[in-house]
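A.B. asks: Residue numbers (the working numbering): 1 to 524.
C-beta atoms are modelled at their ideal positions from N, C-alpha and C, and glycine is treated no differently.
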Ligand code: FAD
Ligand code: SIN
C-alpha cells in the first residue's frame with residue numbers, strides 16, 4: 001500500500017498561517033524542557049492536542065533516576081543502564097545523558113520540584129535492575145504531577161513562548177527533505193491552520209493506546225512516529241514495546257499503574273493459591289527486570305487459569321502506604337480494597353515505546369530542521385529494554401539538547417508553497433469499533449509473547465483495515481488518530497516479525513534465543 005504523505009488535502013495559500021522560530025509539538029517533560037531552552041534566544045510556539053497537563057509525564061509515579069546525591073555511584077548507573085540494554089544501546093549516549101542529567105535534575109530542584117526527603121537527604125528509591133537506590137520521587141507516587149506542574153509554571157513565566165492547547169498536529173510540512181512547520185487543527189475553533197517554523201521539535205510521547213491493556217492515557221496514540229514515517233524520517237527498533245508488570249486489574253480502573261517502587265518497598269506477588277511464585281523465575285524475585293517479571297506473571301496466570309495475579313501489601317503498615325503511595329492508597333480505597341487485609345489484583349499492561357524516530361544525542365533526525373525528543377524518539381539510550389525511571393531522565397536531557405541545538409541553528413528560511421490533494425473515497429467507518437479491534441489484536445498477537453503465525457495474522461488484519469481506513473479523509477482527531485495507530489501498529493508488527501530472535505522486551509516463543517547476528521538496530 002502506498003503511504004500517503006498527508007492525512008488531509010490542503011493548499012497553503014488558502015489556509016490561515018503564521019510563522020514562528022521553533023515549533024514544539026507536545027507538552028510533556030520533553031516538549032516543555034525543549035521550549036524553556038529554545039526560548040532563551042527565539043520565539044517558540046508550543047502545541048498540544050489536549051490540555052497542557054494531559055501527558056504521559058503527568059501520570060509518572062516511581063520517579064526519575066539520577067544519582068544527584070552520590071557522584072561516586074554515577075558510573076554504576078551508567079553500567080546498569082548498559083547491562084540492561086541487551087547490546088542495543090549506544091554507550092556514549094548513555095554516558096552523556098546520565099552525566100548531563102545530574103545538572104538538569106538539580107536544575108529542576110532549583111525551579112521548585114520538591115523531591116521527597118528523609119531528614120536532610122533525598123529519599124532515594126530502588127527499582128528493578130538498578131544496583132543502588134537512585135530514584136528521586138515527589139509527593140510519594142505523584143512524581144509526574146509535580147514535574148509537570150513545575151515545568152508548566154516555568155514555561156508560563158518564560159518570555160517568547162506562545163501556547164496553543166487543544167491543537168492537533170495532523171502532519172509536518174516537508175519539502176525537499178526539509179521540515180517547514182506543521183499543518184494543525186485547532187479543536188476550539190474547528191479550523192485548520194499552518195504554522196511555518198524554522199525548526200520543528202516533535203515531542204508527542206508514547207503509543208500505549210495501541211494496546212487493549214495499557215497504563216497510558218488517551219493521548220498516547222503514537223501520532224509523532226506516524227507523522228514522521230509519512231515524511232520518510234528514519235525510524236528505529238519499533239518492535240521493542242515495554243510492558244509494565246503491575247497494573248491494577250479491576251473493571252473501571254483504566255489499568256492504573258502500580259509503581260515498581262511498591263515492590264521496592266516490600267510488596268510481593270502471589271498467585272490465586274496465595275503462593276509467592278517469583279522465586280521460580282528469577283533470583284531477584286519481585287525486583288527482577290520488568291520483561292522477566294511481566295512474562296512470569298503471564299505464565300503464572302496461564303498455569304493457575306486466572307485473569308491476574310495479586311500484589312500483597314498486607315504486611316506493610318497502612319500508614320506507610322498512605323505516606324509513600326498516597327495515590328495508590330486513594331485508588332484502592334475508591335475500589336473498596338483494604339490493603340491491610342486484601343490482595344490487589346494486578347496484571348501486565350503496555351507501558352512504554354522504546355523504539356521510535358531515530359535521533360542523535362541532540363535530537364536531530366535525517367530530515368533537515370526536524371528534531372525529536374522524549375518517548376517518541378529512539379536515541380539508543382535504552383537499547384532493547386528500559387530501566388525503571390530512566391525515561392523521564394532521557395526525556396529531560398534530550399529535550400534540553402534538542403531545544404538548545406534547534407534554537408542555535410535557527411536561520412532565515414524561505415516559505416514554500418505546498419499543496420496536497422487526497423483522492424477522496426466515500427465511505428464511513430465506525431472509528432470506535434476499529435480502534436477497539438486494533439487494540440485487541442495488538443494485545444493478543446503483538447504483545448508480551450510473539451510468534452510468526454500470530455504476527456502474520458496481525459499484519460493481514462491491519463492491512464485489511466488500513467485498505468479502507470487510510471484512504472478516507474477524516475475531519476477530526478479521532479479519525480486521524482486511528483490512521484496514525486494503524487500506521488504504527490503495522491510498523492511495530494512488521495519489525496517484530498522481522499526480528500527472528502528474543503532480545504530484551506521482544507520475546508519470540510518460536511525464536512527464544514538471543515543471537516549475535518541480530519545484535520543490530522532494526523531500521524525503517
Ligand atoms: P508525554 O509526556 O506523553 O507528552 C506528549 C505530548 O504530546 C502531550 O502533550 C500530547 O498531548 C502531545 N501530542 C501527542 N500527539 C499530538 C498531536 N498529534 N498533536 C499535538 N500534540 C500531540 N517514566 C519514568 O522515568 N519514571 C516513572 O516513574 C514513570 N512512570 C510512568 C507511569 C505511567 C502511568 C506512565 C504512562 C508512564 C510512566 N513513565 C515513567 C514513562 C514516562 O512518563 C514517559 O516516557 C514520559 O513522560 C514521556 O514524556 P514525553 O514528553 O516524551 O511525552
Ligand atoms: C513505575 O513507577 O513503576 C514506573 C516507572 C517507569 O516506568 O519508569
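Is the beta carbon of residue 527 sitting closer than 7 Å to the one on residue 61?
C.D. replies: Only positions 1 to 524 of the chain appear in this structure, which leaves residue 527 out of reach.
A.B. asks: Assuming residue 374 and residue 28 are in contact, meaning their beta carbons sit under 8 Å apart, how far apart are those beta carbons, in whole angstroms?
C.D. replies: That pair is a contact at about 6 Å.
A.B. asks: Let me check understanding here. Comparing Cα to Cα, which of 146, 123, 231 and 466 lies closest to residue 481?
C.D. replies: Taking only the C-alpha atoms, the option nearest residue 481 is 466.
A.B. asks: Closest by CA to residue 225, which one among 162, 26 and 313?
C.D. replies: Cα-wise, what sits closest to residue 225 is 26.
A.B. asks: Would DSSP call residue 234 helix, strand or coil?
C.D. replies: It is coil, neither helix nor strand.
A.B. asks: In terms of residues, what are the limits of the beta strand (DSSP E) holding residue 326?
C.D. replies: No beta strand (DSSP E) contains residue 326, which is instead part of the alpha helix (DSSP H) from 326-334.
A.B. asks: Around the Cβ of residue 189, are there at least 16 other Cβ atoms within 10 angstroms (buried) or fewer (exposed)?
C.D. replies: Burial call: exposed.
A.B. asks: Under 5 Å, CB to any heavy atom of the ligand SIN. Which residues pass, going along the chain?
C.D. replies: Going by the Cβ distance cut-off, the answer is 61, 62, 259, 260, 388 and 389.
A.B. asks: Taking 6 Å as the cut-off, is the C-beta of residue 334 nearer than that to any heavy atom in the ligand FAD?
C.D. replies: Checking the Cβ of residue 334 against the ligand FAD gives no.
A.B. asks: Relative to the C-alpha of residue 151, which residue among 89, 52 and 241 is closest?
C.D. replies: Among 89, 52 and 241, the Cα nearest to that of residue 151 is on 52.
A.B. asks: Quick check: the Cα distance between residue 272 and residue 325, rounded to an integer number of angstroms?
C.D. replies: About 25 Å.
A.B. asks: Are the CB atoms of residue 5 and residue 230 within a distance shorter than 7 Å?
C.D. replies: Result yes, Cβ atoms of residue 230 and residue 5 sit closer than 7 Å.
A.B. asks: Taking the Cβ atom as the reference point for each residue, do residue 73 and residue 10 lie within a distance shorter than 7 Å?
C.D. replies: No, they are not a contact pair.
A.B. asks: May I ask you to verify whether the segment 133-153 touches the segment 114-123, counting CB pairs closer than 8 Å and requiring at least 3?
C.D. replies: Counting Cβ pairs under 8 Å, three or more are found: they touch.
A.B. asks: Taking its Cβ as the centre, do 16 or more other Cβ atoms sit within 10 Å of residue 417, making it buried, or is it exposed?
C.D. replies: It is exposed - the Cβ of residue 417 has fewer than 16 other Cβ atoms within 10 Å.
A.B. asks: Would you check whether the ligand FAD has a heavy atom nearer than 6 Å to the C-beta of residue 391?
C.D. replies: Answer for residue 391: yes, Cβ within range of the ligand FAD.
A.B. asks: Throw me the rounded Cβ distance for the residue 270 and residue 309 pair, which I believe falls under 8 Å.
C.D. replies: Between residue 309 and residue 270 the Cβ distance is about 7 Å, and since that is below 8 Å, they are a contact.
A.B. asks: Are residue 39 and residue 162 touching if we call contact CB-CB under 7 Å?
C.D. replies: Not a contact, by the Cβ cut-off of 7 Å.
A.B. asks: When the Cα of residue 477 is compared with those of 126, 77 and 170, which residue comes out closest?
C.D. replies: Nearest C-alpha to residue 477: 170.
A.B. asks: Note down, in chain order, each residue of its chain lying with its Cβ closer than 7 Å to the Cβ of residue 569, except the 5 sequence neighbours on either side.
C.D. replies: No answer is possible for residue 569: it lies beyond the span of the chain, which begins at 1 and ends at 524.
A.B. asks: In chain order, what are the residue ranges of uninterrupted beta strand (DSSP E) at least 3 long that sit wholly in the segment 152-219?
C.D. replies: DSSP runs (the beta strand (DSSP E)) wholly in the segment 152-219: 161-164, 167-175, 178-186 and 191-202.
A.B. asks: So residue 89 packs on residue 382, CB below 8 Å; how close in whole Å?
C.D. replies: With a Cβ gap of about 7 Å, residue 89 and residue 382 count as contacting.
A.B. asks: Taking 8 Å as the limit between beta carbons, can you name the residues of its chain near residue 365, skipping five residues before and five after?
C.D. replies: Here the set comprises 228, 233, 234, 357, 358, 359, 371 and 372.
A.B. asks: Are there 16 or more other CB atoms within 10 angstroms of the CB of residue 198, so buried, or fewer, so exposed?
C.D. replies: Buried, because 16 or more other Cβ atoms sit within 10 Å of the Cβ of residue 198.
A.B. asks: Locate the alpha helix (DSSP H) running through residue 477, then write down its first and last residues.
C.D. replies: Where residue 477 is concerned, the enclosing alpha helix (DSSP H) stretches over 477-498.
A.B. asks: Is the distance from the Cβ of residue 86 to the Cβ of residue 385 below 7 Å?
C.D. replies: Yes; because the gap between Cβ atoms is below 7 Å, this pair is in contact.
A.B. asks: Under the three-state reduction of DSSP, which class applies to residue 106: helix, strand or coil?
C.D. replies: Residue state, collapsed to three classes: helix.
A.B. asks: Could you check if residue 14 is buried or exposed, using at least 16 other CB atoms within 10 Å of its CB as the buried criterion?
C.D. replies: The residue in question, residue 14, is exposed, as its Cβ has fewer than 16 Cβ neighbours within 10 Å.
A.B. asks: Starting from the Cα of residue 252, find the closest Cα among 92, 334 and 46 and give me that residue.
C.D. replies: If we check each option's Cα against that of residue 252, 334 comes out closest.
A.B. asks: Jot down the residue ranges of each uninterrupted beta strand (DSSP E) in the segment 248-327, minimum 3 residues, whole runs only, in chain order.
C.D. replies: The segment 248-327 contains these whole beta strand (DSSP E) runs: 268-270 and 309-312.
A.B. asks: Taking 6 Å as the limit between beta carbons, can you name the residues of its chain near residue 98, skipping five residues before and five after?
C.D. replies: For residue 98, where only same-chain residues beyond five positions count, the Cβ hits under 6 Å are 77 and 78.
A.B. asks: Is residue 222 a contact residue of the ligand FAD, with contact defined as CB to any heavy atom under 6 Å?
C.D. replies: The answer is no for residue 222.
A.B. asks: Would you grab the beta carbon distance between residue 434 and residue 469 for me? Rounded to a whole angstrom, and I think it's under 8 Å.
C.D. replies: Indeed, because the Cβ distance is near 6 Å, the residues count as touching under 8 Å.
A.B. asks: Looking only at C-alpha atoms, which of 123, 463, 299 and 314 sits nearest to residue 340?
C.D. replies: It is 314 whose Cα lies nearest to the Cα of residue 340.
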